[in-house]
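A.B. asks: Dumping the structure here so I can ask a few things about it.
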């Protein structure tokens with residue numbers, strides 16, 4: 028019996044180590060090459076194709092220099108104001124989110140940095156489990172050690188969801204404003220950043236009072252943040 032238990036845990040440990048190597052190799056490749064897709068994009072496409080079998084995602088990769096600085100500032104102001112300062116984890120933000128969740132008795136704030144969000148989007152499922160949170164931390168650490176902040180933000184802005192089947196800054200700019208990511212103005216950028224927490228909802232409800240207020244708040248904060 029003891030031998031069987033040892034064998035089981037040995038195989039489990041080997042699987043975990045092999046998975047970490049697989050993740051590491053992907054991140055090393057993405058330092059200089061753009062990811063064609065992400066785990067989250069593939070999951071969303073499967074869901075959409077259940078209703079529309081011929082559906083495709085809207086996504087077009089654009090390099091960092093062809094994304095409006097207004098959008099970079101807006102996203103950092105909205106999602107991770109200390110992005111250029113921390114090493115992947117905003118401990119003050121995590122503590123604040125924990126206190127908010129404890130006060131409300133449910134999860135109302137996440138505290139995830141841009142690097143943590145990218146880790147989830149690239150590799151992980153949407154299910155909240157202790158294993159996923161631990162793996163998210165490992166992947167975030169790898170991203171921060173192997174990639175520059177500029178590269179992390181470039182990938183993030185090209186792969187995050189911005190509506191039903193809409194991924195990345197270029198597709199979002201064309202979907203909502205009929206222009207390019209490079210041409211986004213401050214108000215447009217702030218509005219896109221405000222949509223990030225619930226993009227599919229705001230794709231259908233683009234004129235809510237909350238969205239407008241949140242976008243205005245983000246726009247006011249944009250000048251206060253640094254971009255890589």
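In our numbering, the protein residues as written are 28 to 255. Virtual Cβ for every residue (Gly too), placed ideally from N, Cα, C.
Going by CA-CA distance only, name the one from 181, 69, 250 and 157 that's closest to residue 59.
C.D. replies: The count along the chain shown starts at 1 and reaches residue 59 at position 32. Residue 59 has its Cα closest to that of 181, out of 181, 69, 250 and 157.
A.B. asks: Give the range of the alpha helix (DSSP H) segment to which residue 56 is assigned.
C.D. replies: Here residue 56 is taken as the residue at index 29 of the chain shown, counted from 1. 29-57 is the span of the alpha helix (DSSP H), which, as asked, contains residue 56.
A.B. asks: Thinking C-beta only, is residue 94 closer than 7 angstroms to residue 184?
C.D. replies: On the chain shown, position 157 is the one that residue 184 refers to. On the chain shown, position 67 is the one that residue 94 refers to. Result yes, Cβ atoms of residue 184 and residue 94 sit closer than 7 angstroms.
A.B. asks: Taking C-beta to C-beta, are residue 245 and residue 210 nearer than 7 angstroms?
C.D. replies: On the chain shown, position 218 is the one that residue 245 refers to. On the chain shown, position 183 is the one that residue 210 refers to. No, Cβ-Cβ distance for residue 245 and residue 210 is not below 7 angstroms.
A.B. asks: Check each candidate in 76, 175 and 65 and name the one with the smallest Cα separation from residue 186.
C.D. replies: Start at 1 with the first residue of the chain shown, and residue 186 comes out as number 159. Out of 76, 175 and 65, 65 has the C-alpha closest to the C-alpha of residue 186.
A.B. asks: Among residues of its own chain, excluding the 5 on either side of residue 241, which ones have a beta-carbon nearer than 7 angstroms to its beta-carbon?
C.D. replies: As a position in the chain shown, residue 241 is number 214, starting the count at 1. Counting only Cβ-Cβ distances below 7 angstroms, and skipping sequence neighbours, we find 221.
A.B. asks: Going straight from the alpha carbon of residue 178 to that of residue 91, what length do you get?
C.D. replies: Numbered from 1 along the chain shown, position 151 holds the residue referred to as residue 178. Numbered from 1 along the chain shown, position 64 holds the residue referred to as residue 91. So the two alpha carbons sit approximately 8 angstroms from each other.
A.B. asks: Measure the C-alpha to C-alpha separation of residue 250 and residue 35 and round it to an integer number of angstroms.
C.D. replies: If you number the chain shown from 1, residue 250 lands on position 223. If you number the chain shown from 1, residue 35 lands on position 8. Answer to the nearest angstrom: the Cα atoms are 54 angstroms apart.
A.B. asks: Could you compute how far the alpha carbon of residue 237 sits from the alpha carbon of residue 227?
C.D. replies: Numbered from its first residue, the chain shown carries residue 237 at position 210. Numbered from its first residue, the chain shown carries residue 227 at position 200. Taking the straight line from one Cα to the other gives about 15 angstroms.
A.B. asks: For residue 111, I'd like the list of residues in its chain whose CB is within less than 6 angstroms of its CB, leaving aside the five on either flank, ordered along the chain.
C.D. replies: By 1-based counting over the chain shown, the position of residue 111 is 84. Within the same chain, residue 111 has close Cβ partners 176, 253 and 255.
A.B. asks: Quick one: grab the DSSP three-state call for residue 193.
C.D. replies: What you label residue 193 is simply residue 166 of the chain shown in a count that begins at 1. DSSP places residue 193 in strand when its eight states are reduced to three.
A.B. asks: I'd like the list of long-range same chain contacts for residue 113, defined as Cβ closer than 7 angstroms, with 5 residues on each side in sequence excluded.
C.D. replies: Along the chain shown, read from residue 1 onward, the residue named residue 113 stands at position 86. Result list for residue 113: 140, in chain order.
A.B. asks: Around the C-beta of residue 42, are 16 or more other C-beta atoms found within 10 angstroms, so that it is buried, or is it exposed?
C.D. replies: The count along the chain shown starts at 1 and reaches residue 42 at position 15. So residue 42 counts as exposed.
A.B. asks: Is residue 208 near the ligand COA, with its Cβ less than 6 angstroms from a heavy atom?
C.D. replies: No copy of the ligand COA appears in this structure; indeed no ligand is present at all.
A.B. asks: Just grab the DSSP bridge partners of residue 85 for me.
C.D. replies: Stepping through the chain shown from its first residue, residue 85 is reached at position 58. Answer is 193, bridged to residue 85.
A.B. asks: Report all residues from its chain with a CB closer than 6 angstroms to the CB of residue 148; omit the five preceding and five following residues, and keep chain order.
C.D. replies: Against the chain shown, residue 148 aligns to sequence position 121. Here the set comprises 65, 67 and 186.
A.B. asks: Do you know offhand how far residue 201's Cα is from residue 63's?
C.D. replies: For the purposes of this step, residue 201 is taken as the residue at position 174 of the chain shown. For the purposes of this step, residue 63 is taken as the residue at position 36 of the chain shown. Their backbone Cα atoms lie some 20 angstroms apart in a straight line.
A.B. asks: Following the continuous alpha helix (DSSP H) through residue 142, name the residue where it begins and the one where it ends.
C.D. replies: For the purposes of this step, residue 142 is taken as the residue at position 115 of the chain shown. 141-150 is the extent of the alpha helix (DSSP H) around residue 142.
A.B. asks: Starting from the Cα of residue 243, find the closest Cα among 214, 224, 223 and 231 and give me that residue.
C.D. replies: Position 216 of the chain shown, counted from the first residue, corresponds to residue 243. Minimum Cα distance to residue 243 is reached at 214.
A.B. asks: Please return the same chain residues whose Cβ sits closer than 7 angstroms to the Cβ of residue 162, not counting the five positions on each side in sequence.
C.D. replies: The residue you call residue 162 lines up with position 135 of the chain shown. These residues qualify, in order along the chain: 151.
A.B. asks: The alpha helix (DSSP H) spanning residue 226 covers which residue range?
C.D. replies: Numbered from 1 along the chain shown, position 199 holds the residue referred to as residue 226. Where residue 226 is concerned, the enclosing alpha helix (DSSP H) stretches over 226-231.
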